[in-house]
Amino acid sequence: MTILTPVRCIGICILSLLASVAFAERPAQHLILVTVDGLRWQEVFRGMDERLLNDSRYTEHPDSLRTAFSAADPQQARVKLLPFIWSEIATKGVLLGNRDQSSRMQVTNDWHFSYPGYSEILTGRADPAIDTNDPVPNPNVTFPEWINQQPQWRGKVQAFGSWDVFPAILNSKRAGFPVNAGFSPALGKVSAREAFIDELQRQTPSPWQSVRLDVFTHQYALAALAEDKPRLVYIAYGETDDFAHDGEFDQYIQAAHRFDGFVRELWNRVQSDRRYRDKTLLLITTDHGRGELPLEGWKHHGSKKAVALNASSPEMAPFQEGIPGADQVWFAAMGPGVKAAGELQGEWYSNQIAATTLQLLGFDPAAYSAAAGKPMVEILNLSKTKVAP
């Protein structure tokens, strides 16, 4: 029988404590990156905009929305609209971009529309040459593509998007990982579950020619998590932007609420799987903001340069100087290495997301790109010792 002396007991306790600390500070082993197209910071931090609710130009059925999402103050209203974000991420992670509380986040690109916004998020810099939403293959290597080149991550990256331009944004032919976007069916070896999603997608009409309903993007991503077990999943929801462009505020709000439910389901799924549980980083952001005042600016986004490209559009006539607020975005994060700090004050930019993500995954951001924005150190809770992923 071994007798443990007091000194030996203390030593064992110290080693156990150090081991637990090292485990707690280990970088995230998996990433779920989520973008939601054109969802304003105003809805995220204030809840539903009562001015748009009460404007018959944009809301056909205000009573049902009022019952579901109205509240006495913005803090209650935002919880009703986005319950997962405000019950989970706000208590276990960070939220940036509430300009009412001196928290500012914005894009650095000159255009304030989707392709330039997504490219900035995914590459860590604004490329002046990306000045269109046309499906031109991105000449820049995105950080998911770079991660897919790392030995222990190769073949473990997948992307899903509602907008059919994502294969170009991610340059899927060069990147070497599957990008299921637009009205694409399941890629690769198709499971029975994916075949059923394919059939439903074929049989379901979409309001738009280039954007499918988010539920299909979401279900394809869930199927991949369950069956393929990727380490990095990028999911790009799109309904919010398209319903806003259509001037349907009630549908925009419902889409935002569904998006929150989708994120809850994603998080519950990974937390129920021991491969992912407590090892997964969740990041959420948007590609651009929208107008606030005048109210019709809510339908639109774009800088002065972007508006000039659509000068012939009567709807854009009042906005020759661009859409105020279209450069304003927001960011949310939760998981290993992220402070449980809730809302933070400060100023950040979309070009910092790539480096921040790489830092949280245990990579040296400079090894990816010296031109990318710097990590958002204010949200990080990592030790100086890095552990290889």
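All the letters of the sequence shown, read from the start, carry residue numbers 613 to 1001 under this note's numbering. Positions of the beta carbon are idealized from the N, C-alpha and C atoms, including for glycine.
- By a beta-carbon distance limit of 8 Å, P728 contacts I742. Their separation comes to about 5 Å.
- For the pair Q957 and M988, the CB atoms are not nearer than the 8 Å cut-off.
- Closest in alpha carbon position to A979, among G736, E959 and I809, is G736.
- DSSP assignment within the region 678-711 yields the following whole beta strand (DSSP E) runs of 3 residues or more, N-terminal first: 705-708.
- Between A868 and T892 the beta-carbon gap is near 23 Å, outside 8 Å, which marks them as no contact.
- Rounded to whole angstroms, the gap between the alpha carbons of L812 and H900 is 31 Å.
- For Q866, the enclosing alpha helix (DSSP H) covers residues F861 to Q883.
- Residue pairing by DSSP places H642 opposite T892 in a beta bridge.
- Rounded to whole angstroms, the gap between the alpha carbons of Q688 and Q764 is 44 Å.
- Given a length threshold of 4 residues, each whole run of the alpha helix (DSSP H) inside the region 734-821 is given here in chain order: 755-760, 778-781, 784-787 and 804-815.
- Between the region 870-890 and the region 926-943, the count of C-beta pairs closer than 8 Å stays below three; the two stretches do not touch.
- The straight-line gap separating the alpha-carbon atoms of H642 and F975 is approximately 13 Å.
- Here F789 is actually not in contact with D776; their C-beta atoms are around 17 Å apart, not less than 8 Å.
- Here N993 has G949, V950 and K951 as same chain residues with Cβ atoms under 7 Å from its own Cβ, once five neighbours each way along the sequence are excluded.
- Listed in chain order, the non-local C-beta contacts of S803 below 8 Å within the same chain comprise A835 and E839, local neighbours out to five positions each way being set aside.
- Bridge partners of F725 according to DSSP: none are assigned.
- For W960, no alpha helix (DSSP H) encloses it; the enclosing beta strand (DSSP E) starts and ends at G958 to Y961.
- The shortest CA-to-CA distance from P977 to any of I759, N783 and F778 is the one to I759.
- By the Cβ neighbour-count rule, D649 is buried, with 16 or more other Cβ atoms within 10 Å of its own.
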